[in-house]
Structures are given as structure tokens and as C-alpha cells.
Amino acid sequence: MTATPANLVERYLELGLRLGRHIDGMVDAYYGPAALSASVDAEPLRTPAALAEDAKALVADLDAGVPLDAATEDSLRRRWLRAQVLGLRTTAERLAGVAIAFEDEIERCYGVRPTRVDESAFEAAHRALDEVLPGTGPLGERYIEWKEAQSVPTDVLPRAIASFAEDFRDRTQRAFGLPEGEHIDFDLVTNEPWSGFNYYLGDLKSRVAINIDLPVLATSLGHLVAHEAYPGHHTEHSRKEVGLVRRRQRLEESIFLVGAPQCLLAEGLADLGLEVLCGERPEAVEADHLKPLGIPFDAEVAARARQAAEALNAVRGNLALLLHVDGADPDDVIAYAERWGLLPKARAEKAVQFQTDPTWRAYIFCYIDGLRLCRRFTAGDPARFERLLTEQLLPADLEAARPEPGAQGVGGVGR
100 MTATPANLVE
110 RYLELGLRLG
120 RHIDGMVDAY
130 YGPAALSASV
140 DAEPLRTPAA
150 LAEDAKALVA
160 DLDAGVPLDA
170 ATEDSLRRRW
180 LRAQVLGLRT
190 TAERLAGVAI
200 AFEDEIERCY
210 GVRPTRVDES
220 AFEAAHRALD
230 EVLPGTGPLG
240 ERYIEWKEAQ
250 SVPTDVLPRA
260 IASFAEDFRD
270 RTQRAFGLPE
280 GEHIDFDLVT
290 NEPWSGFNYY
300 LGDLKSRVAI
310 NIDLPVLATS
320 LGHLVAHEAY
330 PGHHTEHSRK
340 EVGLVRRRQR
350 LEESIFLVGA
360 PQCLLAEGLA
370 DLGLEVLCGE
380 RPEAVEADHL
390 KPLGIPFDAE
400 VAARARQAAE
410 ALNAVRGNLA
420 LLLHVDGADP
430 DDVIAYAERW
440 GLLPKARAEK
450 AVQFQTDPTW
460 RAYIFCYIDG
470 LRLCRRFTAG
480 DPARFERLLT
490 EQLLPADLEA
500 ARPEPGAQGV
510 GGVGR
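Heads up: the sequence shown is residues 100 to 514, going by our numbering.
Pasting the structure below:
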């Protein structure tokens with residue numbers, strides 16, 4: 100075992116890295132001290148029970164006011180770090196065999212308590228969609244046919260991604276600023292449970308992977324690029340690397356860990372990104388990128404369908420509760436996703452694959468509640484969105500926030 104780290108922040112980094120040896124993908128990003136990660140990699144594997152005790156001791160020292168590190172003391176920073184450690188402790192205890200109710204796990208890891216949405220909300224969304232979609236026949240078949248008809252051909256996908264990324268980078272630069280030297284490489288990948296992923300490499304660089312196991316839809320590509328790149332994950336990571344790690348020496352931001360509240364804010368702001376850049380009806384902007392590439396995209400129908408179907412996003416949360424609270428058979432949950440989410444079977448299976456993955460089983464509420472809280476906090480004010488990109492905030496901060504007088508509605512950054 101390595102020597103005791105010099106301060107609480109180093110202990111936090113070490114705890115996260117050690118847990119990451121037990122759960123593949125838990126350490127989403129790390130660009131902190133190389134010597135610390137090398138030391139953790141070289142030591143004998145520490146048991147989950149021991150890591151849970153390490154987390155418990157770290158929380159006690161945070162509560163006792165033990166100095167965080169040599170940087171300026173900040174009570175909000177201490178509070179943020181404590182919430183992160185509570186999430187890690189929960190994960191360690193679950194790995195050690197401690198029985199934790201699924202709802203409690205989500206609340207301790209992500210700072211929100213999940214709720215099940217009644218199917219009547221989905222029925223209302225189905226009725227609204229039925230009025231919007233062209234054609235006749237069963238709604239599910241029409242919705243699937245309409246969406247799948249707008250698939251982006253794989254050979255066109257790199258050009259479409261590049262077009263969106265260039266535009267959204269320019270909009271983000273003008274609205275919020277980007278660090279000099281930031282850069283993203285995009286890759287197409289297969290055999291993953293997610294649709295897209297940002298691998299933040301540090302030094303202001305990201306690799307964004309787009310999964311092509313299933314066809315990428317024109318109705319989701321703009322959102323995907325905004326989410327993973329500009330003004331989403333890459334923008335948040337790079338702004339915080341400069342503003343918090345380099346300038347303020349907050350090394351806790353040099354690690355990004357699944358199972359902690361920072362994930363909920365990250366996913367919420369990323370899901371809000373397209374709306375922030377392009378306004379509440381971004382489809383006209385999306386059409387400008389898709390139509391020149393020969394991709395069929397009716398901006399008016401797409402906008403109306405998106406608004407009608409918004410309530411169906413909550414189907415994903417019900418899937419998680421069916422699986423992990425009710426103990427439902429995965430095949431029955433796939434059928435639920437097909438019926439209420441209006442998904443083709445392949446996409447329903449992919450959704451259940453994500454929610455049964457050991458790393459991502461509880462993660463879906465980061466999207467559902469993250470978007471709700473970030474939209475509430477931002478309240479249409481770009482300055483508040485920039486706070487999400489640059490500050491250490493918690494879900495409770497967003498829940499308690501009220502729009503400031505004079506806050507403007509979300510407006511697109513002019514193209």
C-alpha cells in the first residue's frame with residue numbers, strides 16, 4: 100500500500116482511482132498527478148469493504164474541517180467534495196455486498212430521488228404524436244418508420260458531424276468562450292451500450308466516440324454533437340481544467356467519476372446544450388447542416404414531433420425502476436420500452452443493455468433529472484449556463500435556485 104496522501108484532495112483522487120480498478124469505466128477521465136495514478140496501479144487491489152471505510156474516514160475528516168489542500172479554503176468546495184465522496188462510499192459499499200435500495204443508491208450517488216412516471220403521461224404523448232406524424236396506421240409503426248427514414252448514412256456521418264461541430268464550436272466560442280488550444284477528434288465505434296461518449300484526455304483535448312451499432316438518426320445527431328462536444332462535455336471539461344485546475348489548483352476536478360453528483364450536472368447541461376445554442380426550436384439550424392448532405396429532414400415536423408414526444412424521455416427512468424426495484428424480467432422491460440417509448444426492438448434492447456451494465460445501471464437519472472434541474476437553474480439565462488460550465492455546483496443548488504429578475508429566455512446564438 101502507498102504512503103498516506105498529504106491532503107484530503109489526494110485521498111479523494113486515490114479513492115476514485117482505486118474504485119476504478121473494480122468497475123471498468125468508473126473513472127471517466129483522469130489527468131491529475133501521474134505519480135499518484137501509477138502508484139495506485141502498482142499496489143495490491145484494495146477490497147471494496149476497505150475502500151468503503153476509506154470513504155467513511157474521508158467524510159469524517161471533511162466534516163471535522165481538516166484542510167483540503169494548500170489551495171484557498173472554500174466551504175462550498177468542501178461541500179461539493181463531501182457529496183462526491185458520499186457517492187463513492189455508496190458504490191464501494193454496494194460492491195462489498197451491503198444491501199442498498201436502488202432509490203437510495205441513486206439519491207446517495209447523484210443527489211436526486213427517482214420517481215416513477217405514470218403511463219397516463221405517455222398516453223398523452225402518444226395522442227399528441229398521433230396528430231403530428233404523417234401517414235395512417237398504428238402509431239408505433241408510423242413513429243419508427245418516420246424516424247428510421249431519417250437515418251444518416253454511415254459514409255456521410257463524418258461530414259455531418261464535422262459540419263455540426265464547426266458551427267457549434269463557433270457558437271460556443273461567441274457565447275461562453277473556449278480555452279485556446281482545445282481540440283476534439285471524432286471516431287465512429289461499435290459494440291458499446293451508449294450512443295456517444297466523450298473521452299476527455301486532459302490538456303484541453305477530447306476524443307468523442309459515436310456508436311454506429313444502430314443507425315444514427317438525423318433527429319438526434321445535432322443533439323449528440325452538442326451534448327458530447329460544444330457546449331456540452333468537452334466544453335465543461337476544458338473550461339474547468341483551465342479555470343479550476345490550472346488557475347485555482349483544485350485537483351479534485353482532474354478526475355471525473357461515474358457514481359457521483361458531478362455526473363448529473365454534466366449530463367443535464369450537455370442535454371440542454373442544443374437548446375442553449377440554437378433556441379427552443381433548433382430544427383431549422385439542424386436542417387441547414389443535414390439537407391446539403393442529402394439527408395431528408397423536415398424541420399417543422401421534426402420540431403412538432405420532438406415537443407409531442409418529450410414526455411417519453413421519462414420511459415427510460417421507468418425501465419430502470421422496473422429492472423432494479425421490481426425485478427422485472429429484461430424481456431418484459433424491452434417490451435415496455437417498445438410499447439411506451441415507441442422504440443423498435445433493437446433500440447429497446449440497447450436501452451435495456453445500458454441499464455443493466457454494471458457501470459451505468461443507475462446512470463439514466465443523470466439525464467432525466469439533470470436536464471430538469473439544469474433547465475430550471477438556467478431559466479433561459481446564458482450567464483447561468485456558463486456557471487454550470489465553470490463552477491462546482493450540486494443538484495441541491497440547482498433545486499433551490501430561482502430565476503433572477505430580468506433573466507432572458509433561451510435564445511440561439513446567431514449563426
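We put the beta carbon where it would ideally sit given N, CA and C, even for glycine.
### Query
Less than 9 angstroms separating the beta-carbons of residue 379 and residue 401?
no
### Query
Does DSSP put residue 333 in a helix, a strand or coil?
helix
### Query
Based on the DSSP secondary-structure assignment, which residues constitute the bridge partners of residue 528?
In the structure as shown, the chain starts at 100 and stops at 514, and residue 528 therefore has no counterpart that could be examined.
### Message
Using only the alpha-carbon positions, how far apart do residue 41 and residue 145 sit?
### Response
The displayed coordinates of the chain run from 100 to 514. Any statement about residue 41 would go beyond what the structure contains.
### Query
Mind checking whether residue 323 and residue 250 have CB atoms under 9 angstroms apart?
Contact check for residue 323 against residue 250 fails: the beta carbons are separated by 9 angstroms or more.
### Task
For residue 491, count neighbouring Cβ atoms within 10 angstroms of its own Cβ and tell me buried if that reaches 16, exposed if not.
buried
### Anticipated Cβ contact below 8 angstroms, residue 154 with residue 187, distance rounded
5 angstroms
### Task
Kindly indicate the opening and closing residues of the alpha helix (DSSP H) around residue 205.
Membership of residue 205 in the alpha helix (DSSP H) is indicated by the continuous run 201-209.
### CB of residue 356 within 9 angstroms of CB of residue 494, strictly
no
### Top-ranked residue by Cα proximity to residue 397, from 164, 366, 232
When 164, 366, 232 are compared, the shortest CA-CA separation from residue 397 is found for 232.
#### Entry: Inter-residue Cα distance where the pair is residue 142 and residue 117
9 angstroms
### Query
Between 262, 409, 438, 310, which lies nearest to residue 418 when the distance is taken from Cα to Cα?
438
#### Entry: Rounded C-alpha distance that separates residue 277 from residue 430
45 angstroms
### Task
Take the Cβ of residue 359 as the centre, count every other Cβ of all protein chains shown within 10 Å, and call the residue buried at 16 or more, exposed below.
buried
### Query
Who are the Cβ neighbours of residue 242 in its own chain at under 7 angstroms, not counting the five residues just before and after it?
228, 232, 441
### Simplified DSSP state of residue 242, which is helix, strand or coil
helix
### Query
Any heavy atom of the ligand FMN closer than 8 angstroms to the CB of residue 297?
Annotation note on the ligand FMN: not contained in the displayed structure, which lists no ligands.
### Message
Quick check: the Cα distance between residue 220 and residue 410, rounded to an integer number of angstroms?
### Response
7 angstroms
### Query
Would the beta-carbon of residue 260 fall within 9 angstroms of that of residue 288?
no
### Query
Buried or exposed: where does residue 189 fall if 16 or more other Cβ atoms within 10 Å of its Cβ makes it buried?
buried
### Message
Taking 6 angstroms as the limit between beta carbons, can you name the residues of its chain near residue 105, skipping five residues before and five after?
### Response
Taking residue 105 as the centre and dropping the five residues before and after it, the same chain places no C-beta closer than 6 angstroms to its C-beta.
### Message
On the criterion of 16 or more Cβ atoms from any shown chain inside 10 Å, does residue 337 qualify as buried, or is it exposed?
### Response
buried
### Task
Grab the span of the beta strand (DSSP E) containing residue 284 for me, first residue to last.
The continuous beta strand (DSSP E) containing residue 284 extends over residues 282-288.
### Task
Have a look at the DSSP bridge pairing and note the partners of residue 308.
286, 296
### Query
If you run the structure through DSSP and keep just helix, strand and coil, what is residue 463?
helix
### Query
Using the beta-carbon count (16 or more within 10 Å), is residue 603 buried or exposed?
For residue 603 there is no data in the structure shown, the boundaries of the chain being 100 and 514.
#### Entry: Among 293, 291, 300, nearest to residue 281 - alpha-carbon criterion
300
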